[in-house]
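Notes to accompany the following structure.
2 protein chains.
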Amino acid sequence: MTDATTDPSPLVHEVLAAVLQVRQGSLQVLLWERALEPHAHRWSLPGGRLGADEDVETSIRRQLAEKVDVRQVSHVEQLAVFSAPDRVPGPRVVATAFLSLVPSHMDPELPGDTAWHPVSALPETAFDHGAIVLRARNRLRAKLSYTNIGFALAPPEFTVSALRSVYSAALGYKVSATNLQRVLSRRGLLEHTGETTKPGRAGGRPAAQFRFADSTMAVTDPFAVLKPPAAPKGQ
Amino acid sequence: MTDATTDPSPLVHEVLAAVLQVRQGSLQVLLWERALEPHAHRWSLPGGRLGADEDVETSIRRQLAEKVDVRQVSHVEQLAVFSAPDRVPGPRVVATAFLSLVPSHMDPELPGDTAWHPVSALPETAFDHGAIVLRARNRLRAKLSYTNIGFALAPPEFTVSALRSVYSAALGYKVSATNLQRVLSRRGLLEHTGETTKPGRAGGRPAAQFRFADSTMAVTDPFAVLKPPAAPKGQ
DNA sequence: ACAAAAGTGTTTGAACTACACCCATGC
DNA sequence: GCATGGGTGTAGTTCAAACACTTTTGT
Chain D
8 MTDATTDPSP
18 LVHEVLAAVL
28 QVRQGSLQVL
38 LWERALEPHA
48 HRWSLPGGRL
58 GADEDVETSI
68 RRQLAEKVDV
78 RQVSHVEQLA
88 VFSAPDRVPG
98 PRVVATAFLS
108 LVPSHMDPEL
118 PGDTAWHPVS
128 ALPETAFDHG
138 AIVLRARNRL
148 RAKLSYTNIG
158 FALAPPEFTV
168 SALRSVYSAA
178 LGYKVSATNL
188 QRVLSRRGLL
198 EHTGETTKPG
208 RAGGRPAAQF
218 RFADSTMAVT
228 DPFAVLKPPA
238 APKGQ
Chain Z
8 MTDATTDPSP
18 LVHEVLAAVL
28 QVRQGSLQVL
38 LWERALEPHA
48 HRWSLPGGRL
58 GADEDVETSI
68 RRQLAEKVDV
78 RQVSHVEQLA
88 VFSAPDRVPG
98 PRVVATAFLS
108 LVPSHMDPEL
118 PGDTAWHPVS
128 ALPETAFDHG
138 AIVLRARNRL
148 RAKLSYTNIG
158 FALAPPEFTV
168 SALRSVYSAA
178 LGYKVSATNL
188 QRVLSRRGLL
198 EHTGETTKPG
208 RAGGRPAAQF
218 RFADSTMAVT
228 DPFAVLKPPA
238 APKGQ
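Taken in sequence, the protein lines are chains D and Z. Those letters in the first sequence? Residues 8 to 242, by the working numbering. Those letters in the second sequence? Residues 8 to 242, by the working numbering.
Quick look at the structure:
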């Protein structure tokens with residue numbers, strides 16, 4: 008399968024993460040500004056070379072720790088491999104891209120060359136990193152519908168209207184608070200904490216606080232159609 | 008991002024494909040039997056080393072051509088990267104795994120060391136290839152529900168009951184022909200060809216022939232819930 | 001006529017959207 | 001009181017599963 012004695016095409020494997028967070032009402036991505044050529048001053052995704060003793064997920068978590076406190080990263084998942092031979096100038100570099108999420112209440116300290124940018128208004132990006140960000144956003148949007156991945160975007164406790172803002176920012180359209188609560192409750196994803204928030208100066212009923220019942224990603228709406236036949240009543 | 012002048016950890020990138028086909032009423036995968044150590048006589052996925060001038064998809068298509076006529080491959084998509092440092096003995100090998108499909112009416116000529124095996128009864132597999140096959144099956148099963156990927160498993164023209172067999176084999180449970188036709192028709196995926204088949208000796212009504220309206224993968228049931236608000240009536 | 005296989009009509013139920021209405025608070 | 005924001009009740013719709021029934025053939 009592989010011939011280790013000769014290496015006709017030296018190859019570097021890098022890992023990259025599109026770190027997404029809802030901030031200031033919009034879905035944003037963490038980028039750093041390249042100081043050096045190639046593509047100096049363009050914005051690129053955090054990441055780096057895959058180490059000898061780590062798999063790609065371990066590697067991206069390690070490399071993210073240089074930009075963001077890892078404990079603030081609530082979810083990491085593989086997106087895809089980007090491997091066009093000319094995707095970066097110079098020697099061949101194949102990248103494994105990740106989708107990574109940070110809850111909206113976090114505000115990590117960032118290195119000076121690093122900043123958040125709205126996904127809907129990206130600055131000039133390096134290499135194929137812009138395409139990776141869009142793939143990440145699409146994946147997130149899809150998963151908001153059929154998994155519990157909202158837990159990774161929301162703070163540990165939240166009101167329904169706060170959660171509505173998070174979902175609306177990520178999806179790019181207004182979500183109804185009523186229906187959001189219904190859907191997530193029906194699926195058993197939401198739990199009351201028992202706490203309520205005080206209304207603002209304008210008054211209004213105090214809002215109940217919720218949390219997500221589970222904080223590991225799970226598919227909650229497995230396949231909508233072509234389900235297996237129902238078990239006979241005797242079962 | 009990468010330092011090309013030194014290469015502390017030589018790394019090989021391979022591409023692997025789980026080629027799935029419905030044959031003899033079950034979902035099967037194409038495997039070849041390794042002649043040499045390591046893992047001699049175990050069964051492994053077709054694939055090989057990524058070439059210098061190709062991306063991973065081009066590479067897997069090229070390598071599959073050595074086992075199966077490429078024109079018979081109806082669908083190829085990335086599955087995931089497998090990168091555990093010890094996933095194969097010896098020098099580091101990172102793999103990009105693919106899901107690949109062959110329509111059920113094809114019966115490609117195979118090399119002598121290659122054979123189809125039911126996914127539900129795999130022989131002893133090499134390395135992590137067994138896990139890759141199961142991931143491929145799970146991906147296929149999920150996509151049968153919310154995309155038109157059936158086109159890649161079915162022959163160009165088929166009766167509803169033939170299509171039912173294909174779906175049943177892939178999903179692992181009996182699918183109702185009635186409901187299958189309803190779901191696919193409602194989504195506009197099926198077209199009448201105008202032809203009908205002759206009944207067998209036992210009689211029965213002649214079956215209408217259908218084809219899939221589209222032969223490129225598309226999501227047909229985008230998100231079941233949290234849809235964007237309906238456009239106002241005036242639109 | 002009868003059996004067999006294909007295809008349609010119709011009921012039931014689940015799940016989601018939309019909207020009306022009620023609740024609890026500040027001023 | 002009344003405005004404001006939170007929460008529930010309840011149609012109405014869509015979509016899919018289940019099953020009865022009709023259609024069209026071979027024997």
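Quick reminder that beta carbons are idealized off the backbone N, C-alpha and C, glycines included.
Listed along chain Z is no residue with a C-beta nearer than 8 angstroms to that of residue 135 (chain D); the closest approach is about 11 angstroms. For residue 203 (chain D), the enclosing beta strand (DSSP E) stretches over residues 197-203. Closest in C-alpha terms to residue 52 (chain Z), from the list Z:155, Z:141 and Z:136, comes Z:136.
In the DSSP assignment, residue 33 (chain Z) falls within the unbroken beta strand (DSSP E) covering 33-40. Between residue 176 (chain D) and residue 34 (chain D), the C-beta spacing is below 7 angstroms. Secondary-structure assignment with DSSP links residue 154 (chain Z) through a beta bridge to Z:226. Residue ranges of uninterrupted alpha helix (DSSP H) with 4 or more members, entirely inside the region 83-169 of chain Z and ordered along the chain, are 136-153. The beta-carbon of residue 75 (chain Z) is placed no less than 7 angstroms from the nearest beta-carbon of chain D. Contacts with chain Z at 7 angstroms (Cβ-Cβ) include residue 230 (chain D).
Contact with chain Z is absent for residue 225 (chain D), since none of that chain's Cβ atoms lies less than 7 angstroms from the residue's Cβ. Here residue 145 (chain Z) is exposed. Its C-beta has fewer than 16 other C-beta atoms within 10 Å. The three-state secondary structure of residue 192 (chain D), taken from DSSP, is helix. Taken through DSSP and simplified to helix, strand or coil, residue 77 (chain Z) comes out as helix. Here residue 30 (chain D) carries a strand assignment [DSSP, helix/strand/coil]. Residue 101 (chain D) and residue 200 (chain D) have their C-alpha atoms spaced approximately 45 angstroms apart.
Under the Cβ distance rule, residue 102 (chain Z) does not count among the residues neighbouring chain D, no pair being separated by less than 7 angstroms.
Cβ proximity to chain D below 8 angstroms picks out 180, 181, 182, 183, 186, 187 and 190 from the region 180-208 of chain Z. Put simply, of Z:17, Z:236 and Z:38 the residue whose alpha carbon is nearest the alpha carbon of residue 134 (chain Z) is Z:38. With a 10 Å radius around the Cβ and a threshold of 16 neighbouring Cβ atoms, residue 206 (chain D) comes out exposed. The C-alpha of residue 84 (chain D) lies about 10 angstroms from the C-alpha of residue 63 (chain D). Between residue 220 (chain D) and residue 196 (chain D), the gap from beta carbon to beta carbon is short of 7 angstroms. Neighbours of residue 127 (chain D) in chain Z, taken as residues whose beta carbon is under 8 angstroms from its own, are absent, since the nearest beta carbon is some 15 angstroms off.
With fewer than three CB-CB distances shorter than 8 angstroms, the region 91-106 of chain Z does not count as touching the region 121-128 of chain Z. One Cα belongs to residue 80 (chain D), the other to residue 159 (chain D), and the distance between them is close to 8 angstroms. The alpha carbon of residue 104 (chain Z) has as its nearest neighbour, out of Z:191, Z:17, Z:26 and Z:192, the alpha carbon of Z:26. A straight line joining the alpha-carbon of residue 55 (chain D) with that of residue 121 (chain D) spans about 15 angstroms. Taking the Cα of residue 154 (chain Z) as reference, the smallest distance to any Cα among Z:187, Z:227 and Z:32 is reached at Z:227.
For residue 141 (chain D), there are no CB contacts under 6 angstroms within the same chain when 5 residues up- and downstream are skipped. For the pair residue 107 (chain Z) and residue 82 (chain Z), the Cα-to-Cα distance works out to about 5 angstroms. Inter-residue distance for residue 49 (chain D) and residue 42 (chain D) is about 8 angstroms (C-alpha atoms, whole angstroms). Beyond the five residues adjoining it in sequence on each side, residue 167 (chain Z) comes within less than 6 angstroms, by CB distance, of 184 and 188 in the same chain, given in chain order. In the DSSP assignment, residue 68 (chain D) falls within the alpha helix (DSSP H) that extends over 63-71. When Cβ-Cβ separations below 7 angstroms define contact, residue 82 (chain Z) makes no contact with chain D. Looking only at D:65, D:209, D:214 and D:115, the smallest Cα-Cα distance to residue 171 (chain D) is reached by D:214. Within the region 159-182 of chain D, 174, 178, 179, 180, 181 and 182 place their CB atoms closer than 9 angstroms to a CB of chain Z, listed in sequence order. Of the candidates D:152, D:190, D:193 and D:191, D:152 places its Cα closest to the Cα of residue 178 (chain D).
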